[in-house]
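Read through the structure below, which is laid out as structure tokens, and then see the notes.
In the working numbering, the protein residues as written are 90 to 312.
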């Protein structure tokens, strides 16, 4: 953990594209989420393929459920999240990518959904992909495990910027550093709920958010 130039806490997390689902990786993501929840700041997630060999542990649906819950926790953090894709991004790394706010990638980055011998993994990555870019756009990626490069991922909206990671990171942190984590979380939640909530049901939440914004602006004027 470090502090950025704006003195906000920077919590670091790394996920390897080849590591299997395990209690250890769940605990690692949970620890990063807890630090951000306690101290605020920005969560920066490094997604890379180190080429390491991992022995795949036996896991059941209970472990899968724990993983999906920790991804949901990450997705709803009261802080901005930045994903940095260093190269090959697949499996758990892609699932984490889909739960972040701002995504940058190296020019040689490649994305692929989790794949098993019997087909693509039917987890919530498919749900997030469909909600974020649409069923038609994601069909081949989700059904057949086809790989896409960084520029295609940018065109689809899965990645925000592609290029030199040092420059992109500085730009991204400058953007995220000026954002209130709590306010971002409110707007993120409205976006996440938009595709599954009717206009009538969503209206109340949006009005409440607008009322909060108006009150804060008024309090600032009075102060």
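Positions of the beta carbon are idealized from the N, C-alpha and C atoms, including for glycine.
### Message
Assuming contact is defined by CB atoms lying nearer than 8 angstroms, are residue 152 and residue 163 in contact in what I supplied?
### Response
Cβ distance not < 8 angstroms, so residue 152 and residue 163 don't count as in contact.
### Query
Does DSSP put residue 215 in a helix, a strand or coil?
The answer is helix: DSSP assigns residue 215 an H, G or I state.
### Task
Tell whether a beta-carbon distance below 8 angstroms holds between residue 302 and residue 165.
Not closer than 8 angstroms, so no.
### Message
In the DSSP assignment, the beta strand (DSSP E) including residue 172 goes from what residue to what residue?
### Response
For residue 172, the enclosing beta strand (DSSP E) has its first and last residue at 170-174.
### Message
Rounding to the nearest angstrom, what Cα-Cα distance links residue 127 and residue 221 in this structure?
### Response
Here the alpha carbon of residue 127 sits roughly 29 angstroms from the alpha carbon of residue 221.
### Query
Who pairs with residue 104 in a beta bridge, going by DSSP?
By DSSP's assignment, residue 104 forms a beta bridge with 136.
### Query
Should residue 243 be labelled buried (16 or more other beta-carbon atoms within 10 Å of its own) or exposed?
With 16 or more Cβ atoms within 10 Å of its Cβ, residue 243 is classed as buried.
### Whole runs of the beta strand (DSSP E) within the region 191-243, excluding any shorter than 3 residues
Counting whole runs of 3 or more residues, the region 191-243 contains the beta strand (DSSP E) stretches 191-194, 199-201.
### Three-state class that DSSP yields for residue 261 in the structure shown
Residue 261 falls in the helix class under three-state DSSP.
### Task
Please classify residue 188: does DSSP put it in a helix, a strand, or coil?
Residue 188 sits in coil when the DSSP states are folded into three classes, being neither helix nor strand.
### Task
Would you mind giving the Cβ-Cβ distance between residue 227 and residue 194, rounded to the nearest angstrom? I have them listed as a contact below 8 angstroms.
About 17 angstroms; that fails the 8 angstroms criterion.
### Rounded separation between residue 217 and residue 270 - CA only
If you take the alpha carbons of residue 217 and residue 270, they lie about 22 angstroms apart.
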